[in-house]
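**Q** One structure follows; several queries about it will come next.
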Ligand SMILES: C[S@@+](CC[C@H](N)C(=O)[O-])C[C@H]1O[C@@H](n2cnc3c(N)ncnc32)[C@H](O)[C@@H]1O
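Numbering (this note's numbering), first residue to last: 16 to 387.
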């Protein structure tokens, strides 16, 4: 049955919106700066989406009727997150107290989680196991609509995957697992027996996330040290998760012949030298040339090795300039000439597809391509 869902988008909501669109198609609509709704016949699992922090399912009854319909007889713990335009902490708390009062008239006990704002933070929802533990129910309110929380970003799992993997490298291995998930999702819905290639695999963050999604993964990298790191990290993941077999090997992405069939390519390409301040003009020019050469060389090399319509999701570098804006590589025209179409998602412009932390010097521009 097709149902309506609400997504509370994380930081950089445009990239998050693109992620949802690539999985749920044109039903995805942005309804606020960090809110989107979409329809699906499958319950979305937040654990597979790097760009959303909460998912809710539209209620067709009142919150109280919903609570009373549950097969649960203990004490409810409830929370209200009001995402409406005119929301505030007091209104949201009052709404929760109203529910508590009606429940108590029905001899049902209930504790209301205190809000310090109109909405509960995803950390509060996660730590209180809202939507997860029986009776721990959070309602997401938007205007007159109520959604029940069906998933909140699992901060603990992300932290563990990022910090507990045995092999890390501060210079290359800083791809956040959430961005890795976004890149994998930007490939669109793929059959679970698909194989995803990361030709700049580094320490294997993207391979890890794609493997957890259920895909077969194949990683290559110029550096034998990085290939060894990826292999160790994937073997570590395999100890606690049921992941498919994987392959990693040394290869220069600009001339390598990949030995396995490839159904999708997702990667953070070479991003140039790490930087702690905006580069001087001459340095920037040199970095842009070096990165363009490697990225275009890779796209030219792989174009004859993949089938038409194969999707590719790439994070490529963009550099912060003294005026506070990011300078991009601007290689989309050249990429098109190599036999790829640049995908547009949810009417977002390419300018919207930047992923960075405040003040970060080397940002990532996300491009989604499809082999013609
Ligand atoms: C920004 S890092 C990617 C980090 C990676 N996402 C991770 O999870 O650690 C870029 C990687 O590209 C590799 N690299 C650079 N030039 C390459 C080339 N021509 N072919 C293949 N890999 C290359 C580097 O060794 C480095 O590991």
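C-beta atoms are modelled at their ideal positions from N, C-alpha and C, and glycine is treated no differently.
Report whether the distance from the Cβ of residue 355 to the nearest heavy atom of ligand 1 is below 8 Å.
**A** For ligand 1, not one heavy atom lies less than 8 Å from the Cβ of residue 355.
**Q** If you follow the beta strand (DSSP E) that residue 273 is in, where does it begin and where does it stop?
**A** Segment: none, residue 273 is in no beta strand (DSSP E) and carries neither H nor E.
**Q** Which value, in whole angstroms, describes the spacing of the CA atoms of residue 145 and residue 82?
**A** Rounded to the nearest angstrom, the two C-alpha atoms are 13 Å apart.
**Q** Based on the DSSP output, what are the partners of residue 69 in its beta bridges?
**A** 23 and 167, per the DSSP bridge assignment.
**Q** What do you reckon, are the CB atoms on residue 290 and residue 244 nearer than 9 Å?
**A** In this structure, residue 244 does not lie closer than 9 Å to residue 290 by Cβ.
**Q** So, with DSSP's three-state summary, where would you put residue 374?
**A** Of the three classes helix, strand and coil, the one that applies to residue 374 here is coil, per DSSP.
**Q** Just checking residue 220 against ligand 1 - is the residue's beta carbon closer than 8 Å to any of the ligand's heavy atoms?
**A** Yes, the Cβ of residue 220 comes within 8 Å of a heavy atom of ligand 1.
**Q** Just to confirm, does residue 217 get its C-beta within under 8 Å of one of the non-hydrogen atoms of ligand 1?
**A** Indeed, a heavy atom of ligand 1 lies less than 8 Å from the Cβ.
**Q** DSSP beta-bridge partners for residue 261?
**A** Residue 261 is bridged to 232.
**Q** Looking only at DSSP bridge pairs, what is residue 386 linked to?
**A** DSSP lists 355 as partners of residue 386.
**Q** What do you reckon, is the C-beta of residue 285 under 8 Å from a heavy atom of ligand 1?
**A** Under cutoff, so the answer is yes.
**Q** Which residue wins for smallest C-alpha separation from residue 196, given the options 68, 101 and 76?
**A** Nearest C-alpha to residue 196: 68.
**Q** Quick check: what's the CA-CA separation for residue 53 versus residue 240?
**A** Looking at the two C-alpha atoms, the distance is approximately 43 Å.
**Q** Is residue 309 near ligand 1, going by C-beta to nearest heavy atom under 8 Å?
**A** Yes, ligand 1 has a heavy atom inside 8 Å of this Cβ.
**Q** Identify which residue in 203, 320 and 303 has its Cα closest to the Cα of residue 328.
**A** Of the candidates 203, 320 and 303, the one whose C-alpha sits nearest the C-alpha of residue 328 is 203.
**Q** Is it a yes or a no for the stretch 113-129 touching the stretch 86-103, going by three-plus beta-carbon pairs under 8 Å?
**A** These segments touch.
**Q** How is the beta strand (DSSP E) around residue 332 delimited, first residue to last?
**A** Residues 326-335.
**Q** Which of the three DSSP states, helix, strand or coil, is assigned to residue 109?
**A** Residue 109: helix per DSSP, three-state reduction.
**Q** Tell me, please, which residues DSSP counts as bridged to residue 341.
**A** Answer by DSSP bridge pairing, in chain order: 335.
**Q** Does the stretch 339-353 come close enough to the stretch 305-314 to have 3 or more Cβ pairs within less than 8 Å?
**A** With the cut-off at 8 Å, the stretch 339-353 and the stretch 305-314 touch.
**Q** Where does residue 91 fall in DSSP's three states?
**A** Strand, per DSSP.
**Q** Just reading off the alpha helix (DSSP H) that residue 313 is part of, what are its end residues?
**A** 296-318 is the extent of the alpha helix (DSSP H) around residue 313.
**Q** Compare the C-alpha of residue 163 against each of 74, 307, 383 and 63 and name the closest.
**A** The shortest Cα separation from residue 163 among 74, 307, 383 and 63 belongs to 74.
**Q** Classify residue 141 as helix, strand or coil using the three-state DSSP reduction.
**A** In the structure shown, residue 141 sits in a helix (DSSP, three-state: H, G or I).
**Q** Hey, is residue 439 close to ligand 1, as in C-beta under 8 Å from one of its heavy atoms?
**A** No statement about residue 439 is possible, as the shown extent of the chain runs from 16 to 387 and does not include it.
**Q** Tell me the DSSP secondary structure of residue 288 in three-state form.
**A** Three-state result, residue 288: coil.
**Q** Give me, in chain order, the residues of the same chain whose beta-carbon lies closer than 7 Å to that of residue 49; leave out the 5 immediate sequence neighbours on both sides.
**A** So the qualifying residues of the chain are 23, 24 and 28.
**Q** Considering only heavy atoms of ligand 1, does any lie closer than 8 Å to the CB of residue 241?
**A** Yes.
**Q** Relative to the C-alpha of residue 306, which candidate in 233, 320, 319 and 283 has its C-alpha closest?
**A** When each option's Cα is compared against that of residue 306, the closest is 283.
**Q** Starting from the Cα of residue 310, find the closest Cα among 130, 261, 214 and 105 and give me that residue.
**A** The residue with the shortest Cα to Cα distance from residue 310 is 214.
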